[in-house]
Amino acid sequence: MPTGKLHLKRTPAEQAERDFRKAQKAVRKASRKRRHADSSDDEWKHISEGGSNNSSRATHKPSNYTYVFSDDEYGPPPPPPASTSFRTHKQDYDTIYAQLEEERFREKIFEAMEDDERLDGVESRLNSYAHIPRRWRSGGMDKMDDEEGVKPHMMEEEDYAERKHAAEYAEQERKKAERAARRAREKAVRKETSRLERAADDERKRRRRSKERRKVAEIRLWYDTRWKELLAVGKTGEEQLTFPDIPWPVLPSESDDNKSRRVISLGDITAAAISTFLLLDDEESVEDVDVVKRRKDKLRETMLRYHPDKFEGRIMSRVTEIDREKVRDALGIVVRAINELLGERR
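Take the sequence shown: its position 46, counted from the start at 1, is 46 in the numbering used here, and no numbers get skipped.
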């Protein structure tokens, strides 16, 4: 039956002190037994040497004699100390005490680690169920975004429907953003393509104009050179001229590769073609005084070359009979066009 006595758990210091006292008690008890055994051996030896009357006692020990060093009664004997001084025993007790403290400390550490692991597992299981519906929250908790890790089967119908609707809305917004981004990319691609096409078209036009200007410059150079050859001294009467041999102030419809012969027909000689050939210059302004003066001089020079009286005496006599009528028709067109241009410039 329980005695009703309250047993309190000893503190580590109390336990160590108790162990120390028990060790001291065991040592003292063993020392007393050792001294008693030594004295008994001396007495037994003295009795054995006393005579024959005590031979039986010398050969046989008493029946009630017990061994001093009984392992069953006292446990294994302690190791013999290197010195019997109190200081040596004090050092052994300190070592034993330190070992006991180390073992108790390790046991406490392991127990604390096991408790932490057990508590962590319990906390994780409890946290998996710690979901509060949004409509039951208060104090600002309704604004918390902690439902991302909640499983659907743990949610109520309203929360699940709200979350599903939010997910559908987010998906719609994502697709809408993707479509807008795709349209923006396509628009940017079309814009860039249009820009590149315009740039390429402008480059083609620029090259075509440059080519045309070079062509006009070459034709004008041939035109001036040919007139110088026709008007040179000593050339009169030495060369029979046809309609294409005469340098007309128009651009030819086509020419061969070496530009040595201009292909011009009577239909190419018009007032507009003459004005283009003599006055067209893309890079010069018609409002410039020097440009206006230079163009008037150009028209007067052309009129002197194609003046009917002078042209008849210097050129017409050398034209073949078959082309003379055609040359006279072209000459009349040139003279009338130059007169109109001169009248406009006055």
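Ideal Cβ positions, reconstructed from N, Cα and C, are used throughout, including at glycine.
Keep in mind it's a predicted model, so treat the numbers as computed, not measured.
query: DSSP three-state assignment for residue 51, whether helix, strand or coil; result: Caution applies to residue 51, whose pLDDT of 46 falls short of 50 and renders its modelled position unreliable; the value that the coordinates give is listed next. Coil, per DSSP.
query: Residue 303 beta carbon less than 9 Å from that of residue 241; result: no
query: Delimiting residues of the alpha helix (DSSP H) encompassing residue 303; result: 289–305
query: Spatial distance of residue 331 from residue 312 (CA atoms); result: 10 Å
query: Inter-residue spacing [alpha-carbon to alpha-carbon] between residue 180 and residue 173; result: 10 Å
query: Helix, strand or coil at residue 196 [DSSP, three-state]; result: helix
query: Beta-carbon spacing of residue 314, residue 231 below 9 Å; result: yes
query: Contact set for residue 12: own chain, Cβ-Cβ below 8 Å, skip 5 residues either direction; result: 101, 104
query: Helix, strand or coil at residue 241 according to DSSP, with G and I counted as helix; result: strand
query: Sheet register partners of residue 319 (DSSP bridge); result: 241
query: Local conformation of residue 280 per DSSP, three classes; result: coil
query: Local Cβ density within 10 Å of residue 57, reported as buried at 16 or more and exposed below that; result: At residue 57, the pLDDT of 43 sits below 50, so the modelled position is not reliable; the number obtained from the coordinates is stated separately. Exposed.
query: Closest Cα partner of residue 269 within the set 301, 337, 280; result: 337
query: Cβ-based burial, residue 264 [other Cβ within 10 Å; buried from 16]; result: buried
query: Candidates 163, 323, 252: closest to residue 218 by CA position; result: 252
query: Simplified DSSP assignment, three categories, for residue 181; result: helix
query: Selected residue, minimal CA-CA separation from residue 96, among 340, 164, 109, 20; result: 20
query: DSSP-derived helix/strand/coil call for residue 95; result: helix
query: For residue 10, the three-state DSSP class (helix, strand or coil); result: coil
query: Residue 249: first and last residue of the uninterrupted alpha helix (DSSP H) it sits in; result: Taken as a continuous stretch (DSSP letters only), residue 249 belongs to no alpha helix (DSSP H), as it is neither H nor E.
query: Burial state of residue 250, where buried means 16 or more other Cβ atoms lie within 10 Å; result: buried
query: Residue from 245, 186, 25, 320 whose Cα sits closest to the Cα of residue 223; result: 245
query: Residue closest to residue 243, alpha-carbon to alpha-carbon, out of 203, 266, 201, 113; result: 266
query: Start-to-end residues for the alpha helix (DSSP H) that takes in residue 309; result: 308–314
query: Residue closest to residue 248, alpha-carbon to alpha-carbon, out of 328, 205, 200; result: 328
query: Span separating the alpha-carbon of residue 167 from that of residue 200; result: 49 Å
query: Collapsed DSSP secondary structure at residue 166 in the structure displayed; result: helix
query: Three-state secondary structure (DSSP) of residue 26; result: helix
query: Coarse secondary structure for residue 270, derived from DSSP in three states; result: coil
query: Residues near residue 55 by beta carbon distance below 7 Å, same chain, minus five either side; result: Note that residue 55 scores 43 on pLDDT, short of 50, meaning its location in the model is unreliable and no value can be drawn from it.
query: Cα-Cα separation between residue 318 and residue 324, rounded to whole angstroms; result: 9 Å
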